[in-house]
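Novice: Quick note, the sequence shown lines up with residues 0 to 155 if you use numbering that gives the first Met the number 0. Here it is, the structure in full.
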Amino acid sequence: MGILDDVVINAKSAAEAVSRKAGQIVDVSKLRISAAEINAEIAKRYEVLGQYVYECSRSSLVADPEAVGQMTEIDDLKAQQAAIAKELGDKQNKVFCPICGKQSPVTAAFCSSCGTKLIPDPEPVPQEAGPDDAKEAAEADGPDAHTSDIPPRQYP
Ligand SMILES: [Zn+2]
């Protein structure tokens, strides 16, 4: 009720504003702005009215095939929206460990359960001896062992 009254009153005052301006010396740019504002207001009111009718029709089970068809479309889109939002939330917040399957925050570099590296390498590296092994060997020798004043770490 309240929403519909509001729609009528606003439409009336908009029409009155236009007729007042039309009676004065015509300022084209101002009229254009008024027209754009009124068009936007009408579009907004259509949206409010549409939503209102949507809610009313749902609750009173109005059996207009066109309305029901449109409502079904909206319900379907809402369901899709919810599913996408859920999936996005899941994907954004959680990552699954490929080894043990435990969920970790997407910001975690390693699995909190088994310690598997979770951030994928930029490019897949072959399983055979490759750049990774060479890198680890270089780190074992330790550039820090030679370039730093801190005594070398003791490796078992
Ligand atoms: Zn794991």
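Glycine included, each C-beta is placed from N, C-alpha and C at the ideal position.
Relative to ligand 1, is the shortest distance from any of its heavy atoms to the C-beta of G100 smaller than 8 Å?
Specialist: Within the cutoff, so yes.
Novice: Assign C99 to one of two classes, buried (16 or more other C-beta atoms within 10 Å of its C-beta) or exposed (fewer than that).
Specialist: So C99 ends up on the exposed side.
Novice: Report the partner residues of S103 according to the DSSP bridge assignment.
Specialist: S103 is bridged to V94.
Novice: Label L117 either buried or exposed according to how many other C-beta atoms from any shown protein chain fall within 10 Å of its C-beta, with 16 as the threshold for buried.
Specialist: Label assigned to L117: buried.
Novice: For F95, which residues in the same chain have their Cβ closer than 7 Å to its Cβ, ignoring the five residues on either side in sequence?
Specialist: These residues qualify, in order along the chain: Q102.
Novice: Considering only heavy atoms of ligand 1, does any lie closer than 8 Å to the CB of R71?
Specialist: First, the residue type needs correcting, since residue 71 is Thr and not Arg in the sequence shown. T71: no, Cβ never under 8 Å from ligand 1.
Novice: Between G114 and ligand 1, is there a pair consisting of the residue's CB and a ligand heavy atom that are separated by less than 8 Å?
Specialist: Yes.
Novice: Can you give me the C-alpha to C-alpha distance between N38 and R31, rounded to a whole angstrom?
Specialist: The straight-line gap from Cα to Cα measures roughly 10 Å.
Novice: Is the separation between the beta-carbon of I73 and that of Y45 shorter than 9 Å?
Specialist: No, they are not a contact pair.
Novice: Can you tell me whether C55 sits near ligand 1, meaning its C-beta is under 8 Å from at least one heavy atom of the ligand?
Specialist: Result no, Cβ not under 8 Å from ligand 1.
Novice: Who are the Cβ neighbours of S112 in its own chain at under 6 Å, not counting the five residues just before and after it?
Specialist: Closer than 6 Å at Cβ, skipping near neighbours: C99, K101.
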